[in-house]
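S.K.: Numbering (this note's numbering), first residue to last: 1 to 148.
Backbone N, C-alpha and C define an ideal beta-carbon position, used for all residues, glycine too.
Note that the coordinates shown come from a computational prediction; the quantities given were computed from them, not determined experimentally.
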Amino acid sequence: MKIRTNERGVALVLSLWMLVILGLLGTVLLVVSNMELRLAANDRHSQTALYMADAAVQYGRSDPAIYTTIGSGTGGTPAGTVSTANLPIGANRAENVSVTYLTVGPPPLGSGLPATYQAQYFQVQATGVGPNNSRVLLETQVGRVIPK
Numbered sequence: 001m002k003i004r005t006n007e008r009g010v011a012l013v014l015s016l017w018m019l020v021i022l023g024l025l026g027t028v029l030l031v032v033s034n035m036e037l038r039l040a041a042n043d044r045h046s047q048t049a050l051y052m053a054d055a056a057v058q059y060g061r062s063d064p065a066i067y068t069t070i071g072s073g074t075g076g077t078p079a080g081t082v083s084t085a086n087l088p089i090g091a092n093r094a095e096n097v098s099v100t101y102l103t104v105g106p107p108p109l110g111s112g113l114p115a116t117y118q119a120q121y122f123q124v125q126a127t128g129v130g131p132n133n134s135r136v137l138l139e140t141q142v143g144r145v146i147p148k
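1. Are the beta-carbon atoms belonging to Tyr59 and Arg144 less than 8 Å from one another?
2. Can you tell me the Cα-Cα spacing of Glu30 and Gly80, whole angstroms?
3. By how many angstroms is the C-alpha of Ser62 removed from the C-alpha of Pro107?
4. Thinking C-alpha only, which one of Ile146, Asn34, Val142 and Leu138 is nearest Ala55?
5. State the DSSP-derived secondary structure class of Ile3, mapped to helix, strand or coil.
6. My guess is that Gln118 and Lys148 are in contact by the Cβ rule of under 8 Å, so how many angstroms apart are they, rounded?
7. What are the residues that DSSP puts in a beta bridge with Gly60?
8. Here's the rule: buried if 16 or more other CB atoms are within 10 angstroms of the residue's CB, otherwise exposed. What is Ile146?
9. What is the DSSP secondary structure of Ala40, reduced to helix, strand or coil?
10. Could you please give the first and the last residue of the uninterrupted beta strand (DSSP E) stretch that includes Thr149?
11. Distance check for Thr69 and Gly110, CA to CA, integer angstroms please.
12. Less than 8 Å between the beta carbons of Gln123 and Gln141, yes or no?
13. Assuming Arg144 is part of the beta strand (DSSP E), what are its boundary residues?
14. Measure from the alpha carbon of Val97 to the alpha carbon of each residue in Thr103, Val82, Gly105 and Val104, then state which is nearest.
15. Spatial neighbours of Val104 within its chain, please: CB distance less than 8 Å, with the 5 preceding and 5 following residues excluded, ordered by chain position.
Rendered as structure tokens:
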């Protein structure tokens, strides 16, 4: 049995292997951090679209011109749908609001209003558009209380 006493160059081989392993680890870390940055940007774009859609919903819920434009159908109740496109909310953002008459009925429960009042119910849909064409659609219902 022969014992090798000449181990010259082992340190060089080991250091090269460590360099390769550290290089691979660095590459993996760069790829993961780049993916995290893209995920954060997509989340930010989705949040911007959500805020634009929320602002458009608030516009659709509070603008009295929309509800007078819907007009009167048979029996004095509103009828139809009003849509507004490209609202001036935010810079370079396009929002769409659609308000549709649903029905007339009693006021919402817990409102404390007497039977001499009724509510007209509307559906409000809004689309918010953020950077990179990210889109969010929000939908809500509104009850407008009026005397009978």
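M.R.: Looking at the atomic coordinates:
1. no
2. Before going further, note that residue 30 is Leu rather than Glu in the sequence given. The alpha-carbon atoms of Leu30 and Gly80 are separated by roughly 55 Å.
3. 18 Å
4. Leu138
5. coil
6. 5 Å
7. DSSP output for Gly60 lists no bridge partner at all.
8. exposed
9. helix
10. Within the shown structure, residues of the chain are numbered from 1 to 148, placing residue 149 beyond reach of any answer.
11. 29 Å
12. yes
13. Arg135 to Pro147
14. Val82
15. Thr77, Gln118, Ala119, Gln120 and Tyr121
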